[in-house]
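Only one structure is covered here, and it is reproduced in the block below.
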Amino acid sequence: MATAYLVSNTGYWMGYTAQSWLVLSLTGNASDVGVTAALLFLPTLALGMFGGVLADRYPKWQVLLFGCIGWASLTGLLAALTLSQAVQAWHVQLIAAGIGTVNALCWPSQVAFIAEMVAPAQLRSAVSINSSGTQLTASVGPAIGGLLISAAGPGASFLIAAGCYAVPLVAVARVRVDELHAVPPAKAERGRCSRACAMR
Numbered sequence: 514m515a516t517a518y519l520v521s522n523t524g525y526w527m528g529y530t531a532q533s534w535l536v537l538s539l540t541g542n543a544s545d546v547g548v549t550a551a552l553l554f555l556p557t558l559a560l561g562m563f564g565g566v567l568a569d570r571y572p573k574w575q576v577l578l579f580g581c582i583g584w585a586s587l588t589g590l591l592a593a594l595t596l597s598q599a600v601q602a603w604h605v606q607l608i609a610a611g612i613g614t615v616n617a618l619c620w621p622s623q624v625a626f627i628a629e630m631v632a633p634a635q636l637r638s639a640v641s642i643n644s645s646g647t648q649l650t651a652s653v654g655p656a657i658g659g660l661l662i663s664a665a666g667p668g669a670s671f672l673i674a675a676g677c678y679a680v681p682l683v684a685v686a687r688v689r690v691d692e693l694h695a696v697p698p699a700k701a702e703r704g705r706c707s708r709a710c711a712m713r
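So for the sequence shown, the working numbering puts the first residue at 514; every next one is plus one.
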């Protein structure tokens, strides 16, 4: 599962890099690039608490499964539009907002799912590995995305990024639910935990 996270996060940053490059090439306006980035990241602030509620109320692996489908579908659609040369800046921005919404709703479940995947004694190490991997992919993903754009264009970068989401999709679908470690939330802190997780 750790490998699946690394692959999907790398794909995410590849897609982000390609989105920025594509919008700039379509409009020639740096402000449009900023708008696209805002549409990608602002849903976390607006909808993050709802993601915390989903993490509390529904099995986290199910939330992640739908999230992977959403990420792959939206990025695949952007790849198709780009490769067919039908893409416009508003397409990229609308899809960025969609990806940002999926991020906001699924990220709390992804973070909390770590505690269900490992034994309590291994949790600290698992969180540390996840944090290090996230930072690594934030550096490696844009570099790979830039190379792909240079070699084959942004459409290829989007296509490979969409494929990256298939890795966690398969991994989550193969999870044995009976082997997960149940982590019941403390009743008094349930709402507070949801808000804290949502804002990470």
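Quick reminder that beta carbons are idealized off the backbone N, C-alpha and C, glycines included.
Reference V566; option with closest CA among A628, A669, G658 and W620: The residue you call residue 566 lines up with position 53 of the sequence shown. Restricting attention to A628, A669, G658 and W620, the CA atom closest to the CA of V566 is found in W620.
G524 - DSSP class collapsed to helix/strand/coil: What you label residue 524 is simply residue 11 of the sequence shown in a count that begins at 1. Under the three-state reduction of DSSP, G524 is assigned to helix.
Unbroken stretches of the alpha helix (DSSP H), 4 residues or longer, contained in the region 577 to 661: List check, alpha helix (DSSP H) in window: 602 to 630.
Residue burial classification, W603 (beta-carbon count within 10 angstroms, cutoff 16): Within the sequence shown, the letter at position 90 stands for residue 603. Label assigned to W603: exposed.
Top-ranked residue by Cα proximity to N616, from L587, S538 and D545: For the purposes of this step, residue 616 is taken as residue 103 along the sequence shown, with counting starting at 1. Closest by alpha carbon: L587.
Reduced DSSP category for V683 - H, G, I as helix; E, B as strand; rest coil: Taking the sequence shown and counting its residues from 1, the one referred to as residue 683 is at position 170. The DSSP-derived three-state label of V683 is helix.
Whole runs of the alpha helix (DSSP H) within the region 525 to 553, excluding any shorter than 4 residues: When DSSP assignments are scanned along the region 525 to 553, no uninterrupted stretch of alpha helix (DSSP H) that is 4 or more residues long falls wholly within it.
Stretch pair the region 667 to 684 + the region 519 to 532: three plus CB contacts closer than 8 Å: Taking 8 Å as the limit for Cβ pairs, the verdict is that the region 519 to 532 does touch the region 667 to 684.
Rounded straight-line distance, which links the Cα of G589 to that of I657: For the purposes of this step, residue 657 is identified with residue 144 of the sequence shown, where counting begins at 1. For the purposes of this step, residue 589 is identified with residue 76 of the sequence shown, where counting begins at 1. Distance between the alpha carbons of I657 and G589 is about 18 Å.
Of the residues V536, P681 and L578, the one placed nearest T595, counting alpha carbons only: Locating residue 595 in the sequence shown gives position 82, where the first residue counts as 1. Taking the Cα of T595 as reference, the smallest distance to any Cα among V536, P681 and L578 is reached at V536.
Proximity below 9 Å, CB of Y529 to CB of P655: In the sequence shown, counting from the first residue as 1, residue 529 sits at position 16. In the sequence shown, counting from the first residue as 1, residue 655 sits at position 142. In this structure, P655 lies closer than 9 Å to Y529 by Cβ.
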